[in-house]
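Working notes for the structure below.
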Amino acid sequence: MYAGIAEKNRQLSTDISSSIILDQGAGIQDKVRNGHYMKPGGYSEYEKDMAELVRKFRATRGKGVQ
Numbered sequence: 098m099y100a101g102i103a104e105k106n107r108q109l110s111t112d113i114s115s116s117i118i119l120d121q122g123a124g125i126q127d128k129v130r131n132g133h134y135m136k137p138g139g140y141s142e143y144e145k146d147m148a149e150l151v152r153k154f155r156a157t158r159g160k161g162v163q
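Our numbering numbers the first residue of the sequence shown as 98 and each following residue consecutively.
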């Protein structure tokens, strides 16, 4: 019983986290598709954008344990 509840919670947490990342990372995905980072200094900008995505994700409440 406990294992089933724990697995359900883990899956829900994973689904919520994935949704948050896809939503908050949409701008980065667009920039990658458009070749925005394919320029001098582009990788540094990409790293900065990814760090901001991680910061926002970590600050988001209600995503559970995963």
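We put the beta carbon where it would ideally sit given N, CA and C, even for glycine.
Taking the CB atoms as reference points, tell me whether lysine 153 and isoleucine 113 lie closer together than 8 Å. no
Of the choices Ala123, Gly101, Asn106, Ile102, whose alpha-carbon is the least far from that of aspartate 146? Ala123
Can isoleucine 125 and leucine 150 be called in contact, C-beta distance under 8 Å? yes
Continuous alpha helix (DSSP H) assignments of at least 4 residues falling wholly in the stretch 98-130: Here the runs fully enclosed are 99-121, 123-130.
Measuring straight from C-alpha to C-alpha, what distance separates isoleucine 118 and threonine 111? 11 Å
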